[in-house]
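Please read the structure below before turning to the comments.
2 protein chains.
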Amino acid sequence: MMNIEGKNVIGFSNLSNGTVGIWAINPTTGDPIPPLFFKSTPQECEKAVVLAAEAFATYRKMNREKKSAFLDQIAIEIEEMGDTLLDRYTQESGLPRGRAEGERARTVAQIRLFAQLIKEGSWVRAQIDPADKKRKPLPKADIRSMEQAIGPVAVFGASNFPLAFSVAGGDTIAALAAGCPVVFKAHPAHLGTSELAAKAIQQAAQKSGMPDGIFSLLIDDAVTIGQQLVKHPLIKAVAFTGSFTGGKAIFDAAMARPEPIPVYAEMGSINPVFVLPEIIESKAEQIAEQFVAAVTLGVGQFCTNPGLLVVQKNQKMIAALQDKIGQTEGGVMLTKSIFEQYDKSVKDRKKQVALLGTGLRIEGHQTARPHVFMTDFATFAKKNQLHEEVFGPSSLVVVVQDEQEMTELAKLLKGQLTCSIHGTDEELAAHTGLIDILEQKAGRLVFNGFPTGVEVTPAMVHGGPFPATTDARSTSVGTQSIYRFTRRICYQDKPGALLPDELKDKNPLKIKQQINGIIA
Amino acid sequence: MMNIEGKNVIGFSNLSNGTVGIWAINPTTGDPIPPLFFKSTPQECEKAVVLAAEAFATYRKMNREKKSAFLDQIAIEIEEMGDTLLDRYTQESGLPRGRAEGERARTVAQIRLFAQLIKEGSWVRAQIDPADKKRKPLPKADIRSMEQAIGPVAVFGASNFPLAFSVAGGDTIAALAAGCPVVFKAHPAHLGTSELAAKAIQQAAQKSGMPDGIFSLLIDDAVTIGQQLVKHPLIKAVAFTGSFTGGKAIFDAAMARPEPIPVYAEMGSINPVFVLPEIIESKAEQIAEQFVAAVTLGVGQFCTNPGLLVVQKNQKMIAALQDKIGQTEGGVMLTKSIFEQYDKSVKDRKKQVALLGTGLRIEGHQTARPHVFMTDFATFAKKNQLHEEVFGPSSLVVVVQDEQEMTELAKLLKGQLTCSIHGTDEELAAHTGLIDILEQKAGRLVFNGFPTGVEVTPAMVHGGPFPATTDARSTSVGTQSIYRFTRRICYQDKPGALLPDELKDKNPLKIKQQINGIIA
């Protein structure tokens with residue numbers, strides 16, 4: 043059985059020279075969970091980055107079968123940790139066993155999806171524009187290009203998905219799949235789970251013949267190590283999932299570097315849901331029930347949590363919402379600071395708008411109670427604070443007078459991960475203007491559903507305009523997320539024998555090649 | 043015949059309320075060329091941006107045939123301007139008639155390439171992951187995504203390509219093709235050429251039924267209008283070609299916005315050329331001749347100008363270079379400030395390193411003489427200034443002692459648009475280590491050639507790591523450059539009838555769709 047040591051995982055070594063201790067905390071009790079972890083030292087951070095850069099030199103050119111087998115092995119190691127991992131997950135997060143199992147399933151499925159993607163190989167988007175020696179006035183050169191790995195990547199995990207958006211989560215796996223080593227800064231909300239996942243990667247790397255340094259895990263509960271990573275000249279991209287404050291600070295630091303680097307910070311959003319009038323007639327109950335379930339799922343600690351419901355004045359809908367809210371339960375929040383922030387935000391909101399309803403009161407340490415507020419368009423338009431995310435099981439219903447106010451509200455929205463719209467087929471068809479506005483605001487538009495489930499598929503976009511993310515051109519979920527960690531390399535007149543297999547005329551890897559811009 | 047008025051082109055209106063005049067200057071004489079232009083006022087800039095945002099609402103959804111016809115019409119309008127455009131081009135740039143004709147041909151070919159790209163339609167990378175209602179534990183949603191236009195784009199043209207990288211050049215056309223209106227800040231080096239090209243776009247827009255404001259041209263010879271554009275909340279991306287100082291200032295301003303936006307600044311580089319020893323035995327003369335031709339082409343005013351030649355000690359090569367340099371001629375530079383900067387840079391370089399040779403002296407206003415300098419590895423490694431671009435017909439030969447110094451030099455390089463390497467097939471095969479380093483430094487690797495010709499093809503990458511550009515993931519030449527101005531939009535469970543044609547099951551546009559990640 044795997045032991046948790048409280049140490050950094052630096053390449054193939056587990057070590058700790060730090061002297062400042064951090065405890066993992068059980069959120070259901072507030073008690074520390076052994077062992078004591080030690081903050082990484084600047085030297086440990088430096089070592090991890092330098093090793094990553096060395097590993098990059100060999101890993102970037104490694105063949106697809108070997109890389110793919112490495113990813114598959116990570117999935118196996120995670121599964122083989124069994125209860126050790128699941129128990130630690132539930133202890134550290136306060137989330138139930140079922141969630142831990144579900145998230146593990148999602149995590150390994152995601153890893154296997156990327157393993158398959160790079161084994162197949164077409165993701166490099168190989169393009170070949172052959173030479174034309176007879177072209178006048180000048181002969182045309184042979185031009186070929188494909189995606190290549192960008193370099194070592196720093197990743198910051200999210201508090202709210204200790205597996206799927208953390209150490210062996212989407213960002214790490216997409217970077218490894220692209221050919222980039224990863225230096226990961228553990229989230230203090232789940233240090234033990236982080237160490238276990240890091241050791242799964244470490245073991246997989248050793249078993250698969252990967253270079254030392256392809257993955258490291260560093261420990262910190264402040265910004266010191268994170269800033270060191272983001273500013274390090276050998277780090278070539280950053281991925282982050284978390285708060286606006288955290289993401290924006292990382293973005294600013296990266297842009298101020300002598301050599302700015304891409305930052306993919308997913309910073310959450312309020313994920314507005316618009317409900318058109320007709321559909322309420324037949325589905326008020328169902329929409330209210332699903333909305334309340336989405337607001338309270340995972341104690342509301344999802345970046346796709348619907349923090350805003352926009353509906354035209356309708357007593358049936360309001361009554362249905364009140365009824366459903368009253369039946370919900372809250373739960374233990376992930377960390378003390380998340381709980382305190384939720385508590386403060388709810389108190390602030392109570393001063394600004396009316397309360398539509400609350401969930402049942404549950405006793406317990408750090409336990410949040412669901413809150414749904416209600417206001418009108420004018421108030422929403424006036425108060426900027428109502429446009430901000432409340433992280434937790436809280437949402438705001440804005441009752442608008444008419445279609446025009448609904449459209450005006452849509453125009454006021456900042457960038458979102460998702461926008462959702464409920465309507466009958468007829469009324470959706472009659473509201474293309476509203477849909478047009480929403481698709482300029484969000485990465486994903488959900489029809490007659492709620493945004494909380496994020497499918498891990500090739501077409502998924504989990505991203506969106508600022509401030510939902512710092513790079514609207516990217517997604518952090520799905521296979522397209524690999525392109526966050528690549529750039530195209532172009533070869534002009536490279537001798538055929540020296541071309542990467544992906545760009546050879548005979549296409550030995552049997553991938554999809556584009557010839558003169560057309561997929562063969 | 044088209045008249046040059048010295049006015050802003052703001053949507054479908056040509057107007058000028060400014061009172062500060064700017065003359066276009068004939069670089070061969072230093073004389074002003076009528077008419078007098080007037081700097082845009084802040085109100086004119088505001089008007090152009092607001093019109094662009096209004097135009098975006100309709101243009102982003104316009105069908106591909108109409109957009110494509112618009113682009114084709116721009117090419118026609120440019121060709122129909124005939125000598126009016128070519129004469130103004132040569133007057134303002136000092137470049138010869140043949141170059142003007144060649145660049146016009148490149149410009150219209152580029153426009154037609156994009157017209158064809160968007161007419162075909164597969165560029166949107168349509169992805170469809172159909173629903174699976176039987177999936178356990180939860181049914182799988184229908185997820186579809188494609189590229190969509192990002193919003194109004196600000197474009198800053200280059201001094202050195204008055205057509206191909208200016209008003210109707212690659213950046214503008216890629217943005218228009220993507221579905222983005224453009225507000226263009228004219229380069230003061232070719233104000234008349236800019237106005238003519240802007241009117242070509244204006245006429246094409248009117249004839250093709252485009253919305254007013256899809257394109258505007260603003261006039262300034264300072265940074266006021268440019269900064270206003272970059273900071274404007276309705277501008278959603280910036281493209282720039284020019285100096286590091288200019289590009290970096292725009293980048294910094296864009297990153298400091300409340301909502302940061304992508305900046306694609308192509309800021310040039312020194313485009314190092316490595317020559318391996320064996321090939322010199324048979325090709326010293328030819329390489330020397332082609333190198334000197336590349337250094338002096340267009341009076342060295344290319345962002346792909348080879349500013350560095352790295353060669354192992356070889357008397358034959360040095361003699362060949364000296365011989366060829368002595369036969370070159372310089373020419374009139376584009377602007378007074380470019381000439382003065384060249385003059386200063388050459389004087390500085392004379393203080394730092396030895397002169398290998400100069401071209402023939404030509405008399406004439408603002409006329410640059412070619413200079414090739416020579417130094418050793420230690421000096422190059424020590425002096426940062428030698429790593430900087432000298433814009434003009436100047437280059438530096440670094441004579442290294444051995445292969446190891448060559449590799450060390452490669453490691454020292456900053457990000458480049460291009461790196462080139464000359465060698466026999468055998469010695470290239472023996473230098474994969476060097477090639478590996480170079481492909482981490484550049485966007486394009488040229489084998490046995492020089493980087494000055496940039497093919498406009500699907501596989502081209504005209505870009506590279508910072509400081510060559512501010513976004514290594516992008517190219518500013520070739521069809522891939524369209525993705526600078528798009529982001530993916532994802533639809534979940536959108537009713538089939540409301541889907542864009544690109545994402546419909548029946549694929550009415552007959553484009554390449556990816557189904558579950560696989561191109562059908």
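Protein sequence lines correspond, in order, to chains A and B.
The working numbering runs 42 ahead of the 1-based position in the first sequence.
The working numbering runs 42 ahead of the 1-based position in the second sequence.
Ideal Cβ placement from N, Cα and C applies to all residues, glycine included.
Q.
Please classify E308 (chain B) as buried or exposed, where buried requires at least 16 other C-beta atoms within 10 Å of its C-beta.
A. buried
Q) So what's R529 (chain A) in DSSP terms, helix, strand or just coil? A) strand
Q: Using the DSSP secondary-structure output, state which residues sit across from M188 (chain B) in a beta bridge.
A: B:I531
Q) With K89 (chain A) and I52 (chain A) assumed to form a contact (beta carbons below 8 Å), what rounded beta-carbon distance in angstroms separates them? A) 6 Å
**Q.** Helix, strand or coil at S436 (chain B) according to DSSP, with G and I counted as helix
**A.** strand
Q.
In whole angstroms, give me the CA-to-CA distance for I215 (chain A) and L455 (chain A).
A. 32 Å
Q) Shorter than 9 Å from the beta carbon of F79 (chain A) to some beta carbon of chain B? A) no
**Q.** Helix, strand or coil at A279 (chain B) according to DSSP, with G and I counted as helix
**A.** strand
Q: Check whether the Cβ of M297 (chain B) lies closer than 9 Å to any Cβ atom in chain A.
A: yes
Q) So which of A:G538, A:A336, A:P542, A:Y533 has the shortest CA-CA distance to G491 (chain A)? A) A:A336
Q: Under 7 Å Cβ to Cβ from A326 (chain B), same chain only, skipping five residues before and after it: list those, please.
A: K358, M359, A362
Q) Considering only residues of the stretch 239-303 of chain A, which uninterrupted beta strand (DSSP E) runs meet the minimum length of 3 residues and lie entirely inside it, listed in chain order? A) 257-260, 279-283
Q | Uninterrupted alpha helix (DSSP H) stretches inside the stretch 92-136 of chain A (no shorter than 4 residues) | A | 106-122, 124-135
(Q) For the pair the stretch 295-304 of chain A and the stretch 508-525 of chain B, tell me if three or more CB-CB distances fall below 8 Å. (A) yes
Q. Name the DSSP bridge partner or partners of I67 (chain B)?
A. B:P74
Q: Taking S82 (chain A) as part of the alpha helix (DSSP H), name the residues at either end of that continuous run.
A: No alpha helix (DSSP H) contains S82 (chain A), which DSSP labels as neither H nor E.
Q) Using a C-beta cutoff of 9 Å, does R186 (chain B) count as contacting chain A? A) yes
Q.
For a contact defined as C-beta to C-beta under 8 Å, what are the partners of L180 (chain A) on chain B?
A. G495
Q | Buried or exposed by the 16-neighbour rule on C-beta atoms within 10 Å, applied to D547 (chain A) | A | exposed
(Q) Just to make sure I have the definition right: I need the residues of chain B whose C-beta is within less than 7 Å of the C-beta of E301 (chain A). Which are they? (A) F508
Q.
With DSSP as the reference, identify every bridge partner of H232 (chain A), one or two as the case may be.
A. H232 (chain A) pairs with nothing; no bridge assigned.
Q | Contact the stretch 550-560 of chain A vs the stretch 203-219 of chain A: 3+ CB pairs below 8 Å | A | no
Q: Pull up the DSSP beta-bridge partners for R486 (chain B), would you.
A: A:C532, B:T460
Q) Buried or exposed: where does A264 (chain A) fall if 16 or more other Cβ atoms within 10 Å of its Cβ makes it buried? A) exposed
Q.
Can you tell me whether L180 (chain B) is buried or exposed? The criterion is at least 16 other CB atoms within 10 Å of its CB, across all chains shown.
A. exposed
(Q) Can you list, in chain order, the residues of its chain with a C-beta nearer than 8 Å to that of F286 (chain B)? Leave out the 5 residues immediately preceding and following it. (A) M309, G310, E431, P509
Q. Based on Cα-Cα distance, which residue from A:M188, A:M448, A:P319 lies nearest to T466 (chain A)?
A. A:P319
Q: Can you tell me the Cβ-Cβ gap for P74 (chain A) and L376 (chain A), rounded? I've got them flagged as a contact below 8 Å.
A: Contact doesn't hold; Cβ gap of about 16 Å is too wide.
Q | alpha helix (DSSP H) segment containing L397 (chain A), residue limits | A | Segment 396-400 is the beta strand (DSSP E) holding L397 (chain A); no alpha helix (DSSP H) there.
Q: Closer than 8 Å by beta-carbon distance: list the chain B residues that pair up with M502 (chain A), in chain order.
A: D171, I185, S187, C532
Q: Under the assumption that A219 (chain B) contacts F156 (chain B) (Cβ atoms under 8 Å), give the Cβ distance between them as a whole number of angstroms.
A: 4 Å
Q) Hey, quick one: how far does the alpha helix (DSSP H) through T474 (chain A) stretch, first residue to last? A) 474-481
Q) Got a sec: is the Cβ-Cβ distance from F293 (chain A) to anything in chain B below 9 Å? A) yes
Q.
Here's the rule: buried if 16 or more other CB atoms are within 10 angstroms of the residue's CB, otherwise exposed. What is I404 (chain A)?
A. exposed
Q) Just by C-beta distance, which residues in the stretch 195-215 of chain A are closer than 9 Å to chain B? A) none
**Q.** For L238 (chain B) and M123 (chain B), believed in contact at Cβ under 8 Å, the rounded distance
**A.** 6 Å
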